[in-house]
Structure formats: structure tokens, C-alpha cells
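Chemist: Numbering of the sequence shown is given in this note's numbering, commencing with residue 426 and proceeding in unit increments. Could you have a look at this structure, given as C-alpha cells, before my questions?
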Amino acid sequence: MISLITRVSAFRRLGWLGILLAVLLAGPGPAAAFVPSPGAAVDSLRHLLTLPQTDYDRVTLLCQISDQLWTQHTDSAAVYANKALALARRIHYQQGEGAALNRLGAALRESNLARSLEVFQQSLRIAEATHDQGLIAQNLRSIGIIYVYLRDKRQGLGYYFRALKIGEQLHDEHRMVIELSNIGLAYDLFGQIDSSRIYQERAYALARRLHTPTNYILYGLGNVARKSGQVAQARTFYRQSIAESKKVHHLRSLNFAYVGLAELYQKIGRADSSIYYARLGCQAAQTNGFLRGVLNASTLLTQDFRQRGRPDSALKYQSLMLVMKDTLFGQEKVMRLQSLNYREQQRMQEVAASQAALRARYRTAGLVAGLVGLLVLAFILARHGRQEERARRALEQSLAELKTAQDQLVQREKMAFLGELTAGIAHELQNPLNFVKNFAEVSTELVDEINGDPQNPTRDTTLEREILDGLKQNLKQISQHGQRATSIIKGMLEHSRTGTSQRLPTDLNALIEESLRLAYQGLRTKEKNFTAELITQLDPALPPVSVVPQDLSRVLINLFTNAFHAVQQRQRQHDGTGGEYQPALTVSSRVVAGQVEISIRDNGTGMSEKVRAKVFQPFFTTKPVGEGTGLGLSMSHEIVTKGHGGTLAVQSREGEGTEFIIGLPA
């Protein structure tokens, strides 16, 4: 390990640029904005690589070049990070290896979130082993950025605040500026504007006192002003951020400021200006290789061109947006489990390495004759047993953590189902309550009609009798619709009941119609323009079947909802081509071979053979990120097969439609 004195003297030989290299604070991320003139700095650093240097200094130079290029082009930054990593490992320079891993993780963050997280955690372990507090804080910040990407507020802010605490302990105010700004941007993303304003203003005041650039902070202040309705102030902040980003040649912060300004103009109805700045933001991000910036800009451009009635341009940027989403977040559904089982994987690797070492010692001990060899062998076997026990306990702990994560995902799926059910119930309750209200108003008017002067000799008793009869009929209607509302509420309570329910003889046709109505109305509350042809072919001679009504209703609503999603997707595809397409869903019931069969068939997008083979696996989903956890069909299959002793099968042809068939014992 190179000594501190040796490193300082090496940097002194590099002159003013050496002082810059000695400050390994910033690294990738917002901190890179504090390094002036990236182009000149890169040229100077590359020139230094051509001069005689120690390998330790070369690792540091390569890391600094990666830092500078990260603001210009991500792929080039990754190249130099890999060079630094290879050299650090070859000379066994542990601190340099940790720094290179951090730079490599920042470059990988644009294409492989899981791998990026793995690299950052490797760098963090090295930093902890070498007690490098600055690199520890830098990795905490880098890991926090990934969780903020994934919209995990608790994890993301947790890592950010840990990094801020280290900066405060080190009394490193330059580092504190970065952490405060990151926290402000995270609160802005999660919609907590007041908290975002507090941290961005703290970061701005400290940066001004230290005379460091504020391009990222100005962008964050612009977001706060825009979302608070302060249009003029937001425009000023964004323009200042653009000017400062250009000055330091920072394409990432330039992308953020351009997109923020474009969102401001979109908000105030100036579509041409919004398109102009969104395109500039997209160009800056594409030049840098900043995929998340391309995603934000292309999303905005898609919206703007749709509003302007330019479908070709909208389709162009929508395609770009979908490519960016798939590249960045296609792995999101596994990332939550990745963070939990990652430690278990590392432990297993360490156990495997220890076992290999023990086997090598065992073979060596076998060559040793006599009592000494036997004692060594006994010692190794005892140690092996202890390590096996530790590995077993570690594996059990990791499995418990994984089970907890699965339980949380199951609970989220249940809550999503409850939300859809509640939306349908609310719509159903509205109809009888409207009837009650209308009949009550009419009845009030009828009472006013007959509540005239009782002494009036011209009163028409026949008309009064007709009014009283009408009033009686209205009261009957009020009673009927009140009973309807009561039955809906009773059904809602049955759906919300926890614990093991008993099977009851159930009219499946009525349950099917009720579930179909709830699923359709629940979707219509979110997609008001969506309509579909609903075809029911229910066998009137269907006998009552012993089932748990609320559980089977959950299965039916889930299958109906999936069918509506499939026809929606196909409808959107046809809307872009001008073809004629009518979404349709057909549900039928019948008795076949001693069991009741329920068929739910749609004319949606259908499924490939590969998807069909995995459709009932837990956590597998074809829905876009954020629209499903992949547990709905898995839970439905378990309810039908294990809960009712039935079958749930799927038939599908890609591009034509899908049919789910439920079989229940009659």
C-alpha cells in the first residue's frame, strides 16, 4: 500500500493539476459539476499519462479522466474506469480498485442497474475495509441514486442521509453541497416540494460561499419554482443553470435544465418553445450517452407532438421513449429482490472459497505423517464444521429476508386488487343512491301538491288519490334501491373479510355477471374513453356450486382485468395503423364431464408460447413497469387449484387473443 507521504509528493510533482487530482471527492454524479473545463482537463490528464509515472499515480489519473469524461460521454468514461480497475488489481492497489469500481458503476448505471449496484457494493466493501470515509460516502450516494431511479423513497433517501452525515463528520463542505442538492432533487421527485426547497436553498447558500458552480442546484430550484406556480422565477433559474452548464461543458446538467425549461413552457401552453428546448435536451443526453435524460426528453416530446396533432413525430419519440424505458428499467422487477439476496450470494461465494482452501489444506495434511498431521487434520475439520454452521445460519437468514420481500409483494398485489374492487363498488353504489335521491325529490313535490288548503271546496279527491298512490310507489322504489345499496355494501364487507372463509352453494352465473360489471366499471373510472363489447353465454341450467364466493370473485376480477388490459394494448396498436378493431370479451359457463367450466376469452394481443409457459409463475408479468407485480395470476391459480380443487388453464395465439378456462368440481 502506497503511503500518504508518497502520494502527496507524487501530486506535488504534477503541479497545479496534481492538487486537482488529490481531491478525490467528487466522482461521478452531481459533484462532477465542480470540476472546471472538462475538455482542457482531459487533455492535460492524457498528456500526464504519457510521462513517466508510478502505477499508483496512473490509477489515479485514469480515474480522474473517467470522472471528466462522465460529463461528456458515458462509454468513454467506462473505458478509462476499466483500465484503472485492471491496473489497480494487477499492482494490488486496494484503494485504487475501490475508486475505479465506483467510476465503473456510474457508467454502468445507464444500461444495467443490477450490475451497477453490484459494482458499487464491491467498491463500498473495499472502502470500509480500508477505512476510506470519502469513498464510503461516494458509494452511499451512488447506491442511493439507483434506489431513487427505482422510486424507492426509503432506501434512496436513507443512503443520501448517510452520505451527508459522513460529509458533516469530515467537515467537508464541498461534499455537503453535493449531498444536500441530491436530497433536494430526491424530495422533488417524490413530490415533497417544501422539503426540496429547504435542501436546495441550503446547498445553494453553501455553494455560493465556497464559490463553486451551482448548475445542478439551479435546476433543482427551477423545479421547485415551477411546481409552486412561480413561472418567471423558474425560467430564470433554468436559464442560469443552462448558462453555467455550458460554461463547465456538463451535458448531463444541461439536459436536466433544458428539459425543465421545456416542461415549464408545456405547462403554460407554449408548445413550440417546449418542443425546441426538449429537443436540445435530447441532443445533449444522446451526445453524453445519458439514457435517463433521453427518456425524460423523449417523453416530453411525445406529449407535445400529440397535443400539436403531429402523429408521425409523436410516434418517433414514443419509440425512442420505449427503447429507453426497456434499457433502463427492464430489470426493475428483479431489483427489489436483488438488493436482498445480494449479501447471500456474496456469503455463498466466500463459503465456497473457504471450502476450496480447506480441501487444499486437507490434501497437504494427508502428506504429513505422524501425530502432527493427525492434529492438523482434526483442527481443519473442526474449523470446517464451524464455517459450515455459519454458512447455514447465513443462508437461513437470507431465505427469511427473501420470504419477507415476497410477502410484501403479495400484500401490494392484494391492495391493488382492493383498489380495483372499490372503484367498481363505488360506481355500483352511485346508481341506487341517485335513484333514492330522485324519488325523494319527486315525493317531496307530490306532498306539496296535496298539502294545499284543506277547506278548499274545489279540491280534486281523485287527483289526490292518484298523488298518494304515486307517493306510495316512490317509497317502494326508494326501499328497493336502498336494499340494493345495502347488498353492495354487504358484498364489499365480505370481500374485505380476512381469515379462512367457508364454501357456500353459489349461483356462479350471478357471481360472474357481478364480477364482470365490477371489473369493467373499475377500469372505466380510470379509462373513461375505453369501451368493449361484453358477450355473456351463461348456461341457465347451471347448478349451484360449493365455492368461497369472495375468493372466486377475486379470481374472476383478475382475469377480466387482464383481458381488458390485453384488448386495450391491441386497440392502441391499431389506432396507430388506422385499422378497424373492436375490443371484445366473451364469458361463458357450462357443465362438462361432471364439472363446471367457466371460459373467459378476449380478442387482445395474445401471448407467445414462451410467455404462456411462465404465465402462472410468481413475479412473472408482461405489463409495463409499475402496473403489476406478477402475482395476480399466480394467486388466482392457487385459489382455483388448491383452494377449490379445480383447474385453471390458458390457451392463446399471439396477435389473436387469449382464453382462460376455469374448471370446478360440480
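From the three backbone atoms N, C-alpha and C, an ideal C-beta is built for every residue, glycine too.
Excluding the five sequence neighbours on either side, which residues of its own chain have a C-beta within less than 8 Å of the C-beta of L565, listed in chain order?
Modeler: Locating residue 565 in the sequence shown gives position 140, counting from the first residue. Only L549, Y584, Y585, R587, A588, I591 meet the Cβ criterion.
Chemist: Kindly confirm or deny that the region 743-750 and the region 518-530 touch, where touching means at least three C-beta pairs closer than 8 Å.
Modeler: No: fewer than three Cβ pairs fall under 8 Å.
Chemist: To the nearest angstrom, report how far apart Q1092 and A650 are at their CA atoms.
Modeler: With the chain running from 426 to 1091 in the structure shown, residue 1092 is simply not present.
Chemist: Spatial neighbours of S1013 within its chain, please: CB distance less than 6 Å, with the 5 preceding and 5 following residues excluded, ordered by chain position.
Modeler: Counted from its first residue, the sequence shown places residue 1013 at position 588. If we look at S1013 and ignore the five residues flanking it on each side, its Cβ neighbours are Q962, S1024.
Chemist: Report the partner residues of D613 according to the DSSP bridge assignment.
Modeler: Counting from one through the sequence shown, the residue named residue 613 turns up at place 188. Answer is none; D613 lacks a bridge partner.
Chemist: Given a cut-off of 7 Å, decide if S1059 and P1043 are closer than it, judged by their beta-carbon atoms.
Modeler: By 1-based counting over the sequence shown, the position of residue 1043 is 618. By 1-based counting over the sequence shown, the position of residue 1059 is 634. Cβ atoms of P1043 and S1059: closer than 7 Å.
Chemist: If you drop the 5 nearest sequence neighbours on each side, which residues of the same chain put their C-beta closer than 6 Å to that of I1092?
Modeler: Because the chain is modelled from 426 through 1091, residue 1092 falls outside the range shown and cannot be assessed.
Chemist: If you draw a straight line from the C-alpha of V973 to the C-alpha of G616, how long is it?
Modeler: As a working mapping, residue 973 is identified with position 548 in the sequence shown. As a working mapping, residue 616 is identified with position 191 in the sequence shown. Between V973 and G616, the C-alpha separation is close to 41 Å.
Chemist: For R788 and R471, what's the separation of their Cα atoms in angstroms?
Modeler: As a first step, residue 788 is located in the sequence shown; it is residue number 363 there, counting from the start. As a first step, residue 471 is located in the sequence shown; it is residue number 46 there, counting from the start. Going from the Cα of R788 to the Cα of R471 covers about 50 Å.
Chemist: Assuming G1031 and G1082 make a contact with CB atoms under 8 Å, what is their CB distance in whole Å?
Modeler: Taking the sequence shown and counting its residues from 1, the one referred to as residue 1031 is at position 606. Taking the sequence shown and counting its residues from 1, the one referred to as residue 1082 is at position 657. With 8 Å as the limit, G1031 and G1082 qualify as a contact, their Cβ atoms being about 5 Å apart.
Chemist: Going along the chain, which residues of its own chain have a beta-carbon closer than 6 Å to the beta-carbon of R1015, five neighbours each way excluded?
Modeler: Numbered from 1 along the sequence shown, position 590 holds the residue referred to as residue 1015. Cβ neighbours of R1015 beyond the five flanking positions: D964, E1022.
Chemist: Alpha carbon to alpha carbon, how far is L948 from G734?
Modeler: The residue labelled residue 948 in the question sits at position 523 within the sequence shown. The residue labelled residue 734 in the question sits at position 309 within the sequence shown. Each residue's Cα considered, the two are about 27 Å apart.
Chemist: Give every residue of the same chain whose Cβ lies closer than 6 Å to the Cβ of P1008, excluding the five residues on either side of it in the sequence, and list them in chain order.
Modeler: As a working mapping, residue 1008 is identified with position 583 in the sequence shown. Excluding sequence neighbours, P1008 sits near A957, V992, Q996.
Chemist: Could you give the DSSP three-state label for L959: helix, strand or coil?
Modeler: Taking the sequence shown and counting its residues from 1, one reaches residue 959 at position 534. DSSP places L959 in strand when its eight states are reduced to three.
Chemist: Since A611 and L582 should fall inside the 8 Å C-beta cutoff, what is the C-beta to C-beta distance between them, to a whole number of angstroms?
Modeler: Position 186 of the sequence shown, counted from the first residue, corresponds to residue 611. Position 157 of the sequence shown, counted from the first residue, corresponds to residue 582. Rounded, the Cβ-Cβ distance is 6 Å, consistent with contact.
Chemist: When DSSP builds the beta bridges, which residues end up paired with E813?
Modeler: Residue numbering aside, residue 813 sits at position 388 when the sequence shown is read from its first letter. Paired residues: none, contrary to the question.
Chemist: On the DSSP bridge assignment, give the partners of T1072 in chain order.
Modeler: In the sequence shown, residue 1072 corresponds to position 647, counting from 1. DSSP output for T1072 lists G1088 as bridge partner(s).
Chemist: In the DSSP output, what is L929 paired with across the bridge?
Modeler: If you number the sequence shown from 1, residue 929 lands on position 504. Answer by DSSP bridge pairing, in chain order: V972.
Chemist: Rounded to the nearest angstrom, what separates H809 and A803 at their Cα positions?
Modeler: What you label residue 809 is simply residue 384 of the sequence shown in a count that begins at 1. What you label residue 803 is simply residue 378 of the sequence shown in a count that begins at 1. Computed Cα separation, rounded: 10 Å.
Chemist: Give me the Cβ distance between R786 and I805, rounded to the nearest whole Å; I'm assuming they're in contact under 8 Å.
Modeler: Numbered from its first residue, the sequence shown carries residue 786 at position 361. Numbered from its first residue, the sequence shown carries residue 805 at position 380. 5 Å between Cβ atoms; contact.
Chemist: In chain order, what residues of the same chain have a beta carbon less than 7 Å from the beta carbon of R1078, not counting five sequence neighbours either side?
Modeler: Along the sequence shown, one-based indexing puts residue 1078 at 653. Closer than 7 Å at the Cβ level, and outside the excluded window around R1078, lie G1031.
Chemist: Expressed to the nearest angstrom, what Euclidean distance is found between the alpha-carbon atoms of G1080 and L967?
Modeler: By 1-based counting over the sequence shown, the position of residue 1080 is 655. By 1-based counting over the sequence shown, the position of residue 967 is 542. Each residue's Cα considered, the two are about 33 Å apart.
Chemist: I need the DSSP call for T661, collapsed to helix, strand or coil.
Modeler: By one-based count along the sequence shown, residue 661 stands at place 236. DSSP places T661 in helix when its eight states are reduced to three.
Chemist: Could you please give me the residues that DSSP links to I1023 through a beta bridge?
Modeler: Taking the first residue of the sequence shown as 1, we reach residue 1023 at position 598. Looking at the DSSP assignment, I1023 forms a beta bridge with S1014, I1087.
Chemist: Take L896 and list the residues in its own chain whose beta-carbon comes closer than 6 Å to its own, dropping the five residues that flank it on each side.
Modeler: What you label residue 896 is simply residue 471 of the sequence shown in a count that begins at 1. For L896, where only same-chain residues beyond five positions count, the Cβ hits under 6 Å are S868, L871.
Chemist: According to DSSP, simplified to helix, strand and coil, what is G654?
Modeler: Position 229 of the sequence shown, counted from the first residue, corresponds to residue 654. It is coil, neither helix nor strand.
Chemist: For L575, count neighbouring C-beta atoms within 10 Å of its own C-beta (all shown protein chains included) and say buried if the count is 16 or more, exposed if not.
Modeler: To locate residue 575, count along the sequence shown from 1; it is residue 150. With 16 or more Cβ atoms within 10 Å of its Cβ, L575 is classed as buried.
Chemist: Compute the Euclidean distance between the alpha carbons of T724 and V467, then round it to the nearest angstrom.
Modeler: For this step, residue 724 is matched to residue 299 along the sequence shown. For this step, residue 467 is matched to residue 42 along the sequence shown. Roughly 33 Å between the two C-alpha positions.
Chemist: Please list, in chain order, all residues of the same chain as R704 whose beta carbon is under 6 Å from its beta carbon, the five residues on each side excluded.
Modeler: Counting from one through the sequence shown, the residue named residue 704 turns up at place 279. So the list is empty, once near-sequence residues are dropped.
Chemist: Just to confirm the assignment, what range does the alpha helix (DSSP H) spanning S699 have?
Modeler: Here residue 699 refers to the residue found at position 274 when the sequence shown is read from its first residue. From DSSP, the alpha helix (DSSP H) with S699 extends over 696-713.
Chemist: Going along the chain, which residues of its own chain have a beta-carbon closer than 8 Å to the beta-carbon of L486, five neighbours each way excluded?
Modeler: Here residue 486 is taken as the residue at index 61 of the sequence shown, counted from 1. Correct list, in chain order: L446, L470, L473, L474, Q478.
Chemist: Could you check whether the region 671-681 touches the region 691-711, counting it as contact only if at least three pairs of C-beta atoms, one from each stretch, sit closer than 8 Å?
Modeler: With a cut-off of 8 Å, the region 691-711 and the region 671-681 count as touching, because enough Cβ pairs lie within range.
Chemist: When the Cα atoms are used, what is the spatial distance from S699 to G685?
Modeler: Position 274 of the sequence shown, counted from the start, is the residue given in the question as residue 699. Position 260 of the sequence shown, counted from the start, is the residue given in the question as residue 685. Approximately 9 Å, taken between the alpha carbons.
Chemist: Would you mind reading off the limits of the alpha helix (DSSP H) that contains N564?
Modeler: Looking up residue 564 in the sequence shown gives position 139. Segment 558-574, the alpha helix (DSSP H) holding N564.
Chemist: Are the CB atoms of D976 and G1068 within a distance shorter than 7 Å?
Modeler: Numbered from its first residue, the sequence shown carries residue 1068 at position 643. Numbered from its first residue, the sequence shown carries residue 976 at position 551. Going by C-beta atoms, G1068 is nearer than 7 Å to D976.
Chemist: CA-CA distance, L512 and R600?
Modeler: Looking up residue 512 in the sequence shown gives position 87. Looking up residue 600 in the sequence shown gives position 175. Cα-Cα distance, rounded: 27 Å.
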